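Numbering (this note's numbering), first residue to last: 1 to 425.
We put the beta carbon where it would ideally sit given N, CA and C, even for glycine.
Note that this is a predicted model, so its numbers are computed, not measured.
Have a look at the structure below before the remarks.
Here it is in structure tokens:
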């Protein structure tokens, strides 16, 4: 496999590409490297490759012509990758795909990046190795070179080595052990010393599943899982941070079509469906807020029927879900209840179909590790201004890029809860 590396600092790669398995692969002809420095194609005595950006602003931009001439000088560029923060995230599956190429060209940027016209002149694929900033594209390129080259047949020596590593099967790799059997009171698991290859394979798969669940639950949704795998994951104890998430359905004060503060009636569907969603995702609680006496009584009658009455015999699953509900007159009562239960005031987060919001799902997930969150869902046409003024943050709307954003409150609640918690949390 031929790697063409375009870089202002080709010496950056000297050590990494001339040691270990990479050196062996290079010596045997499995991989080869050609370095192309854009300075070669400059015409001034300073070999200038950067200039100030049009429109002003900090930093410098890599000039177009040296890069164009460099790319045109490569006889067989193959696929052309550009190391750029805006690029497609690099993954193990992409490494597998690239390892089948005969030629691969990687452009390493510096300064503030490239003249944008470069991508109009060539078929270039922007690629990113992560959401962080580096001095230049060389470090990112090296990651791609190594992860791709090691999948070239013959590189690893043992052909199964690449398939048993982390991410190759969509899971993290199982733990490894070697001699001695015991070290400072710690022993190698008996199953690995048993010689029973079937048991060993089963143990390794189980360990991969458990490790992924605890360390990287975010990648489980892409992993190929069978029924046995699902059972292993379900039976594994794990931290359920969903217990720190609470939701409340507000019936007063909310706004009507004329944007006036009003109170609205409870609906059976909202009561049941949001309760079932809250129970499924392991929420700490679901509050239904209304100051109207007959509405409070209706809620009490519904809960009595399903939780302790005839309904629980007919449909015990529904009774289990509705146990999570607590009726309150006002949101302040829900806040006090959470303080009593957890010892902390919850972060009060409003939801809305309008506006830009000031917090997103990943941020809420991070907060929820250490502090309870109370999500407020409005009925009618949304939460009234006095409720919004109470809130600490406003969640970004579910479909903030589209014009039509009119979900039922129970649908919006389900989507938002899933986006925050996913399946594994």
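Got a sec? Which residues, its chain only, sit under 7 Å from residue i by beta carbon, not counting five neighbours each side?
i, result
"residue 332", "none"
"residue 270", "249, 409 and 410"
"residue 237", "none"
"residue 307", "319, 322 and 323"
"residue 64", "115, 117 and 118"
CB residue i to CB residue j, shorter than 8 Å?
i, j, result
"residue 74", "residue 105", "yes"
"residue 378", "residue 250", "yes"
"residue 61", "residue 113", "yes"
"residue 111", "residue 50", "yes"
"residue 149", "residue 68", "no"
"residue 178", "residue 209", "no"
"residue 241", "residue 368", "yes"
"residue 364", "residue 420", "yes"
"residue 381", "residue 256", "yes"
"residue 423", "residue 221", "yes"
"residue 285", "residue 326", "yes"
"residue 299", "residue 247", "no"
"residue 45", "residue 8", "no"
"residue 470", "residue 16", "It is not possible to answer for residue 470, since the shown part of the chain is limited to 1 through 425."
"residue 10", "residue 35", "yes"
"residue 168", "residue 92", "yes"
"residue 292", "residue 263", "yes"
"residue 265", "residue 295", "yes"
Evaluate residue i with the Cβ neighbour count: other Cβ atoms within 10 Å of its Cβ, from every protein chain shown; 16 or more gives buried, anything less gives exposed.
i, result
"residue 276", "buried"
"residue 339", "exposed"
"residue 86", "exposed"
"residue 70", "buried"
"residue 297", "exposed"
"residue 401", "exposed"
"residue 245", "buried"
"residue 19", "exposed"
"residue 186", "exposed"
"residue 230", "exposed"
"residue 328", "buried"
"residue 278", "buried"
"residue 227", "exposed"
"residue 84", "buried"
"residue 315", "exposed"
"residue 259", "exposed"
Taking the alpha carbon of residue i as the point to measure from, which residue in the options has its own alpha carbon closest?
i, options, result
"residue 413", "361, 389 and 194", "361"
"residue 173", "212, 188, 193 and 195", "212"
"residue 47", "56, 54, 408 and 37", "37"
"residue 305", "323, 266, 293 and 368", "323"
"residue 375", "352, 381, 16 and 385", "352"
"residue 253", "196, 385 and 180", "385"
"residue 383", "140, 289 and 191", "289"
"residue 373", "401, 320, 287 and 410", "287"
"residue 146", "135, 99, 285 and 181", "99"
"residue 449", "152, 96 and 400", "Only positions 1 to 425 of the chain appear in this structure, which leaves residue 449 out of reach."
"residue 347", "388, 156 and 401", "388"
"residue 135", "265, 3, 109 and 155", "109"
"residue 408", "17, 267 and 281", "267"
"residue 281", "269, 181, 263 and 239", "239"
"residue 33", "141, 226 and 56", "141"
"residue 2", "258, 152 and 345", "152"
"residue 274", "415, 168, 228 and 404", "415"
"residue 207", "194, 189 and 92", "189"
"residue 121", "72, 157, 94 and 84", "72"
"residue 243", "342, 23 and 6", "342"
Here's a check: name, in chain order, each residue in its chain whose Cβ is nearer than 6 Å to the Cβ of residue i, leaving out the five neighbours to either side.
i, result
"residue 12", "138"
"residue 82", "107, 124 and 126"
"residue 53", "61"
"residue 76", "103"
"residue 391", "348 and 350"
"residue 345", "339"
Identify the residues that DSSP records as bridge partners of residue i: which are they?
i, result
"residue 105", "4 and 80"
"residue 350", "376 and 394"
"residue 36", "6"
"residue 86", "DSSP, once it has assigned bridges, lists no residue as partnering residue 86."
"residue 50", "62"
"residue 194", "Beta-bridge pairing links residue 194 to no other residue."
"residue 383", "254"
"residue 120", "None, per the DSSP bridge assignment."
"residue 114", "62"
Under 8 Å Cβ to Cβ from residue i, same chain only, skipping five residues before and after it: list those, please.
i, result
"residue 143", "90 and 129"
"residue 359", "349, 393, 394, 395 and 396"
"residue 79", "98, 101, 103, 104, 105 and 125"
"residue 192", "177, 200 and 203"
"residue 272", "318, 321 and 322"
"residue 311", "305, 318 and 319"
"residue 224", "169 and 170"
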